[in-house]
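Only one structure is covered here, and it is reproduced in the block below.
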Amino acid sequence: MGRSIANKTVAAVGLGCMGMSEFYGDRNDPESLKTLHAALDMGYNHFDTADMYGAGHNEELVGQFAKELGSKRDDVVIASKFGIRRDPNDKYNLIIDNTKAYVKAACEASLKRLNVETIDIYYMHRRNANTPIEEPMEALAELVKEGKIKSIGLSEVSIETLERASKVHHVEALQSEYSLWSRDVEQTILPACKALGTNFVAYSPLGRGFLTGGITKADIQQADVNKDFRAKLPRFQEENIVKNLELVAKVQELSKELNCTPAQLSLAWLLKQYDNLHVIPGTKRVKYLGDNFGALQVDLSPKIITTLSSIFSSDNIYGARYPQAILDGTNL
Ligand SMILES: NC(=O)c1ccc[n+]([C@@H]2O[C@H](COP(=O)([O-])OP(=O)(O)OC[C@H]3O[C@@H](n4cnc5c(N)ncnc54)[C@H](OP(=O)(O)O)[C@@H]3O)[C@@H](O)[C@H]2O)c1
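The letter at position 303 of the sequence shown is residue 302 when you use numbering that gives the first Met the number 0, and the numbering goes up by one with no holes.
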C-alpha cells in the first residue's frame, strides 16, 4: 500500500527509530543498524527520528544508515524533528525552543548528524506557546527555499496552530500520538488534516508496545524508570495497567479469529482511519519488523473496525497517555 508524502511514494508502515537510542530500555547499536538495513530490504522506506532522541545519538545512527544507503537515499523518506532541548539535570524535563535562530541552528546540526543534504520532513517537535507559530514557520519556509528541508511537519499541535501555520506554508505532515488507546486526535486534528491536505503520521501506534500483548504488569514494575519511560506513564501504573490489559486480551482474541497478530490488527485499524495516514511503529529489533510490515496485508471489514473502536472507547481506557507536565506541552 503506497502512500505519498514529501513528494515520494512510501509504504504506509514506516519505522520509528526512537527506541534505538532511549526510552524503551538499553541500546544496541549493531542490532539497530542491522534493523535499519533489514527494514529497507523488506520494503520500509520511511524512517522517523528526532534530534532529541538520545541527544543526537538517534540521528547519528540514522546518519550512519543514510551514508550506507548510497543511491537508494533518494527513494526513502528521512524525517527528523527539532524544538526540544534536553535538560542535563532532568532527563524528562523538556525545554521547548521555537525561535527562528534555534530552528536554523538545529537544522544545520541535524543535517550533519544525518549525513544528508536535505531532510524530507522536518517537524517542529513541540510548540512553545510564547512564540507565535508564524516565527518557526517562516524559518522553516526559508529552509525549504534553501533546499535544506523538503517539507514541513508539526507534532502535537492544536487545530488552531495547524491552521495558522498553514497560512504561512503548507504543512505536509502532522505527527501526533494515535492508536487504539490514544484517540484524542480523531474528532479534532484528523478532520483538520483532511481539510488542509496534510498527511497524518501516527506515533506510538502500538501504544508503546502495550497493544501487542508483549508487556506485563511485572515488566513495568521491574523496569528502571531512567531507562524505560513507560514506568512513568499513568496508564502503565498499578491498577490502570490491570484494567487496560483486559482490553489487550480482547485484541489478542480478535486477532486469533482473523489470523493476524495483535500488532497487525492495531496498525491495520489505524490505516483505515484516513487515506493519508502513515504509521511508524518503533522497534530496535529485526524480529518485529515483519510482524509490523505485515499489517499492510490485513484488510479489516467495517464491522471489525467498529468493534475495535467500541472496545477502545475513551471511557474504557484507564490513565492518561502522559503525566500532566508533559500533557501540558501538547495540543498548543
Ligand atoms: N512526535 C513525537 O512526539 C513522538 C513521540 C514518541 C514517538 N515518536 C515516534 O514514533 C515512533 C513509534 O512510537 P514508539 O516507538 O513510541 O511506540 P510504538 O511503536 O507504539 O511501540 C514501540 C514498542 O513496541 C515494541 N514493539 C514493536 N513492534 C512490536 C511487535 N511486533 N511485537 C511486540 N513488540 C513490538 C518495541 O519493542 P523494542 O523496544 O524491543 O524494539 C517498542 O518497545 C518512535 O520510534 C518515534 O520515531 C514520536
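All C-beta atoms in this analysis are idealised placements derived from N, C-alpha and C, irrespective of residue type, glycine included. Nothing here was measured: the structure is a model prediction, and the numbers come from that model.
Original post:
Can you tell me where the alpha helix (DSSP H) with Lys80 in it begins and where it stops?
Top reply: Here residue 80 refers to the residue found at position 81 of the sequence shown. Segment Val76 to Phe81 is the beta strand (DSSP E) holding Lys80; no alpha helix (DSSP H) there.
Original post:
CB Ile158 to CB Ile132, shorter than 8 angstroms?
Top reply: By 1-based counting over the sequence shown, the position of residue 158 is 159. By 1-based counting over the sequence shown, the position of residue 132 is 133. For Ile158 and Ile132, no; Cβs fall outside 8 angstroms.
Original post:
When the Cβ atoms of the segment 197-205 are set against those of the segment 173-183, are three or more pairs found closer than 8 angstroms?
Top reply: yes
Original post:
Considering only the beta carbon of each residue, do Met123 and Gly82 sit closer than 8 angstroms?
Top reply: Start at 1 with the first residue of the sequence shown, and residue 123 comes out as number 124. Start at 1 with the first residue of the sequence shown, and residue 82 comes out as number 83. Yes, they are a contact pair.
Original post:
Thinking just about the alpha-carbon of each residue, which of Asp50, Ser3 and Ile94 is nearest to the one in Ala128?
Top reply: In the sequence shown, the residue the question calls residue 128 occupies position 129. With distances taken between Cα atoms, Ala128 lies closest to Ile94.
Subject >> Three-state class that DSSP yields for Gly62 in the structure shown >> reply: The count along the sequence shown starts at 1 and reaches residue 62 at position 63. Of the three classes helix, strand and coil, the one that applies to Gly62 here is helix, per DSSP.
**OP:** Find out if the Cβ-Cβ distance for the pair Leu179, Gly208 is shorter than 8 angstroms.
**Re:** One-based indexing of the sequence shown puts residue 179 at position 180. One-based indexing of the sequence shown puts residue 208 at position 209. For Leu179 and Gly208, no; Cβs fall outside 8 angstroms.
Original post:
What are the complete alpha helix (DSSP H) segments, minimum 4 residues, inside the segment 127-173?
Top reply: When DSSP assignments are scanned along the segment 127-173, the uninterrupted stretches of alpha helix (DSSP H) that are 4 or more residues long and fall wholly within it turn out to be 133-144 and 158-167.
Subject >> Three CB pairs or more closer than 8 angstroms across the segment 225-238 and the segment 20-32 >> reply: yes
**OP:** State yes or no: is the C-beta of Gln174 nearer than 7 angstroms to some heavy atom of ligand 1?
**Re:** As a first step, residue 174 must be located in the sequence shown, where it is residue number 175. For ligand 1, at least one heavy atom lies less than 7 angstroms from the Cβ of Gln174.
Original post:
Can you give, in chain order, each stretch of the beta strand (DSSP E) that sits fully within the segment 181-209 and has at least 3 residues?
Top reply: 198-202
Subject >> Cβ separation of Gly146 and Asn114, assumed to be a contact under 8 angstroms, to the nearest whole Å >> reply: Working through the sequence shown from its first residue, we reach residue 146 at position 147. Working through the sequence shown from its first residue, we reach residue 114 at position 115. Gly146 to Asn114, Cβ: 16 angstroms. No contact.
Original post:
Hey, how far is the Cα of His56 from the Cα of Arg234?
Top reply: For the purposes of this step, residue 56 is taken as the residue at position 57 of the sequence shown. For the purposes of this step, residue 234 is taken as the residue at position 235 of the sequence shown. Those two C-alpha atoms are separated by around 28 angstroms.
Original post:
Can the beta-carbon of Asp47 be found less than 8 angstroms from the beta-carbon of Gly18?
Top reply: Residue mapping note: residue 47 aligns to position 48 of the sequence shown, counting from 1. Residue mapping note: residue 18 aligns to position 19 of the sequence shown, counting from 1. No; because the gap between Cβ atoms is not below 8 angstroms, this pair is not in contact.
Original post:
If you draw a straight line from the C-alpha of Val184 to the C-alpha of Leu161, how long is it?
Top reply: Here residue 184 corresponds to residue number 185 of the sequence shown, with the count starting at 1. Here residue 161 corresponds to residue number 162 of the sequence shown, with the count starting at 1. Cα-Cα distance, rounded: 13 angstroms.
Original post:
CB Lys271 to CB Ile240, shorter than 8 angstroms?
Top reply: For the purposes of this step, residue 271 is taken as residue 272 along the sequence shown, with counting starting at 1. For the purposes of this step, residue 240 is taken as residue 241 along the sequence shown, with counting starting at 1. Not in contact: Lys271 and Ile240 (Cβ atoms no closer than 8 angstroms).
Original post:
Quick one: does the C-beta of Asp47 sit closer than 7 angstroms to a heavy atom of ligand 1?
Top reply: In the sequence shown, counting from the first residue as 1, residue 47 sits at position 48. For ligand 1, at least one heavy atom lies less than 7 angstroms from the Cβ of Asp47.
Subject >> Counted within 10 angstroms of its Cβ, other Cβ atoms place Gly53 as buried (16 or more) or exposed >> reply: For this step, residue 53 is matched to residue 54 along the sequence shown. By the neighbour-count rule (16 or more Cβ atoms within 10 Å), Gly53 is buried.
**OP:** For my contact list, Ala11 and Val278 are in at a C-beta cut-off of 8 angstroms; report their separation, rounded to the angstrom.
**Re:** The residue given as residue 11 occupies position 12 in the sequence shown. The residue given as residue 278 occupies position 279 in the sequence shown. About 7 angstroms; that satisfies the 8 angstroms criterion.
Subject >> Element boundaries [beta strand (DSSP E), containing Arg2] >> reply: As a working note, residue 2 is residue 3 in the sequence shown. Gly1 to Ile4 is the extent of the beta strand (DSSP E) around Arg2.
**OP:** Just the C-alpha distance for Lys7 and Ala138, rounded to the nearest angstrom, thanks.
**Re:** For this step, residue 7 is matched to residue 8 along the sequence shown. For this step, residue 138 is matched to residue 139 along the sequence shown. One C-alpha to the other measures close to 23 angstroms.
**OP:** Pull up the distance between the alpha-carbon of Pro261 and that of Val250, whole angstroms please.
**Re:** If you number the sequence shown from 1, residue 261 lands on position 262. If you number the sequence shown from 1, residue 250 lands on position 251. Going by C-alpha positions, Pro261 is about 6 angstroms away from Val250.
**OP:** Check whether the Cβ of Gly62 sits closer than 7 angstroms to any heavy atom of ligand 1, and report yes or no.
**Re:** Locating residue 62 in the sequence shown gives position 63, counting from the first residue. Not under cutoff, so the answer is no.
Original post:
In whole angstroms, what separates the C-alpha of Asp223 from that of Ile325?
Top reply: Numbered from 1 along the sequence shown, position 224 holds the residue referred to as residue 223. Numbered from 1 along the sequence shown, position 326 holds the residue referred to as residue 325. Approximately 19 angstroms between the Cα atoms of the pair.
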